[in-house]
Amino acid sequence: MPNDIKKLRRLMSAANHLRKENPVIFGGTPITPSQALKYAWWFESFRKKLSTGVWRFSYYKKDGSIREAVGTLDMSRIPEDKRPKSLSSAPDVRPENYDTFPYYDLYADGDCGAWRSFRLDNFIGFVEEVKV
Numbered sequence: 000m001p002n003d004i005k006k007l008r009r010l011m012s013a014a015n016h017l018r019k020e021n022p023v024i025f026g027g028t029p030i031t032p033s034q035a036l037k038y039a040w041w042f043e044s045f046r047k048k049l050s051t052g053v054w055r056f057s058y059y060k061k062d063g064s065i066r067e068a069v070g071t072l073d074m075s076r077i078p079e080d081k082r083p084k085s086l087s088s089a090p091d092v093r094p095e096n097y098d099t100f101p102y103y104d105l106y107a108d109g110d111c112g113a114w115r116s117f118r119l120d121n122f123i124g125f126v127e128e129v130k131v
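Per numbering that gives the first Met the number 0: the sequence shown = residues 0 to 131.
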């Protein structure tokens, strides 16, 4: 099966899951199939950007404050002791986990960094790609 068809199936599955299983992300309001597909496509492109580089982006924290993060999912940029133990790549992001997005925050606790996550509906936007 060509990769494009696999990708489309994955996106459609994710969109369907978002519509049926995660209404809480959208404040309990049902979303249309096209909105769900848009969010699934966004989620996939965001994961792809972070897996190939370091990005500065912002989102709302639980307390309502804004966090500007510098994060990645590129394992070559994450210290070995901070990488997932059972995986050789980034954390597996499955449709059932689309309510939160994991990333490695490079400047979390001083210079050591840490894994963080945020809710999809709290994302504000990208600022820029960071050259490291």
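Note that the Cβ used here is the ideal one computed from N, Cα and C, for glycine as well. All of these numbers come straight from a predicted model, not from anything done at the bench.
Looking from the CA of SER50, the closest CA among VAL69, MET74 and TYR59 belongs to MET74. In the three-state DSSP reduction, ASP104 falls in the strand class (E or B).
In this model, ASN121 and PHE100 are separated by some 10 Å (Cα to Cα). The criterion of a C-beta distance shorter than 8 Å is not satisfied by VAL126 and SER64. For THR71, the enclosing beta strand (DSSP E) begins and ends at 65 to 71.
If you draw a 10 Å sphere on the C-beta of GLY124, you find fewer than 16 other C-beta atoms in it, and that means exposed.
For ARG118, the three-state secondary structure derived from DSSP is strand. Fully contained in the stretch 22 to 63 are the following beta strand (DSSP E) runs of length 3 or more, in chain order: 53 to 59. Classified as exposed, ALA113 has fewer than 16 neighbouring CB atoms from the shown chains inside 10 Å of its CB. Non-local beta-carbon contacts of GLU128 in its own chain, meaning distances under 6 Å to residues more than five positions away in sequence, involve GLY52 and TRP54 in chain order.
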